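Have a look at the structure below, then the notes.
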Amino acid sequence: MHFSYLSLIRQAFAGNAGWPRQWRDPEPKPGYDVVIIGGGGHGLATAYYLAAEHGIRNVAVIERGWIGGGNSGRNTTIVRSNYLWEESEALYDHALDIWQDLSQVLNYNVMYSARGVLMLAHTVHDVQTSKRHIHANRLYGIDNEWLSPEECRDFCPPLNISKDIRYPVMGGALQRKGGVARHDAVVWGYARAASGLGVDIIQNCEVTGIRRSASGAVEAVETSRGAIKANKVGIVAAGHSSVVAAMAGVRLPLESYPLQALVSEPLKPIIPCVVMSNTIHAYISQSDKGDLVIGAGTDQYVSYSQTGGLYINNHTIEAICELFPTLRRVRMMRGWGGIVDTTPDRSPILARTPVPGLYINCGWGTGGFKATPGSGHAFAHTIARDEPHPANAAFTLERFRDGRLIDEAAAAAVAH
Ligand code: FAD
Ligand code: PYC
């Protein structure tokens, strides 16, 4: 991509053959050192760190639609690192460290805002698991603290803590360093910085096959714009990872589910932080434009539909109105779905595969946005050196064979 003031408009018309030459996506070269399949935040961050930190600039990011058109541009932008197990704490905190000065590093305002993530507890079980998380996080040096119902209300004044609602608030776990960032800015920031270092970003180009040599190693990708040779290939195609990996004969333990979100009309500032509730399946924050950004749990059934079931949004809105009665008359403007791929232990796979030269970054399920910088950083290391970075060493494919699972179902914070 070549970026200019009109980049926003051009992204909306990513089939840009009619645009002046300097605005068009590059034609794919016959071959690259590394081809990244998928132009979401994780794929673009990987390309950026390959170029910026490993000096590997002969890189292409192949995107079948437009960059950021997948989950990266569809999520509710929540950033936090309050996961349960040390392996995850290391990975998500690695990302949180990078978020701190990402805007300066990319010279692009990604609007990271550490306004605090408050995860509510509504049952005795919630209280116990939240406190377990808090203790585990503090032992690891991650900030997380328990708030009483009144302290929750003081932190987020519109929150209803009355005792007569269906699931009264019994307290909450607050990670002050958590917050939000602007999802499309993250994509554009990484894309512009990678492009500036020589990475080719090729939109409207679908990968349809992965070719292997007689020795079994990866040698090329087949695309809707012809074959492109590649010494190494990284699959970063959330929601469709298993379909793409199958092109190289690799089976992945993934299921794909729709996950939905919706936004309201813009309002004056009213929700000062992020509030999440796994028990009643809803989470909310307010964007800097003023829209309330609301998300749901996953659909009950596997599907590739980017709409999702209507009942999910009704249920979510009911839950939000119970927690925030003052929002009852707010109008919702838009809703959408994304396809998330989930592993059996709800932790990602970020690793080499049994196919030489083929690497996989997938399985982030409902929670990969927050990981974008850390994931790209660690995945670039894995591809460049053919060995994992310490932050992703445990997130192998083999853990499902060996039973070394990293069970984060409770920490996913979104109902599955
Ligand atoms: P994507 O952005 O989906 O990029 C993958 C790309 O691969 C796509 O652009 C796709 O077009 C491309 N692709 C697929 N197949 C091919 C092919 N054959 N050839 C070429 N390209 C291909 N996470 C959080 O941490 N916090 C949140 O608040 C949060 N909220 C969410 C809310 C919703 C509604 C959804 C759907 C997800 C949410 N997530 C959240 C999860 C998060 O969005 C994802 O984990 C993350 O964005 C994944 O990024 P990615 O770059 O891997 O994938
Ligand atoms: O992982 O924090 C998260 C999240 C929020 C909404 C969807 N995922």
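Start counting the sequence shown at 409; every next residue gets the next number (our numbering). We put the beta carbon where it would ideally sit given N, CA and C, even for glycine. These numbers come from a predicted model, not from an experiment.
- Query: Are the beta-carbon atoms of G447 and A599 separated by less than 9 Å?
  - Reply: yes
- A802 at chain C interface by Cβ criterion, 9 Å: Within the model displayed, chain C is absent; a lone protein chain is all it includes.
- Message: Output needed for T531: all residues of its chain with C-beta closer than 8 Å, excluding positions within five of it in sequence on either side, in chain order.
- Response: Y575, M578, T687
- Query: Nearest to K637 by CA position, among E435, V442, A788, is which residue?
  - Reply: V442
- Message: Count Cβ pairs between the segment 498-511 and the segment 628-642 that sit closer than 8 Å; are there 3 or more?
- Response: These segments do not touch.
- What residue range is occupied by the uninterrupted alpha helix (DSSP H) comprising R809? Counting along the chain, R809 sits inside the alpha helix (DSSP H) bounded by residues 807-810.
- Item | Three-way DSSP call (helix, strand, coil) for V651 in this model | helix
- Query: Secondary structure at F411, three-state DSSP: helix, strand or coil?
  - Reply: Residue placement at F411 is poorly supported in this model, since its pLDDT is 42, which falls under 50; the coordinates still yield a value, given next. Reduced to three states, the DSSP call for F411 is coil.
- Task: Could you tell me which of T780, Q694, T751, I728 sits nearest to S664, measuring between CA atoms?
- Result: T751
- Message: Using 9 Å as the threshold, is the C-beta distance between H591 and T485 below it?
- Response: Contact check for H591 against T485 passes: the beta carbons are separated by less than 9 Å.
- Start and end of the beta strand (DSSP E) containing R620? 615-620
- Identify the residues that DSSP records as bridge partners of K640: which are they? V442
- Which first and last residues belong to the alpha helix (DSSP H) in which S511 is found? 510-514
- Message: For the beta strand (DSSP E) containing Y709, name the first residue and the last one.
- Response: No beta strand (DSSP E) contains Y709, which DSSP labels as neither H nor E.
- Are the segment 644-659 and the segment 610-620 in contact at 8 Å, needing three or more beta carbon pairs? In short, these stretches touch, since the Cβ pair count reaches three.
- Limits of the unbroken alpha helix (DSSP H) element including S538: Segment 532-548, the alpha helix (DSSP H) holding S538.
- Item | Host beta strand (DSSP E) of A759 (start-end) | 757-760
- Query: Who are the near neighbours of S412 in its chain, counting only those whose CB is closer than 6 Å to its CB and skipping five residues on each side?
  - Reply: Caution applies to S412, whose pLDDT of 44 falls short of 50 and renders its modelled position unreliable; the model cannot decide the point.
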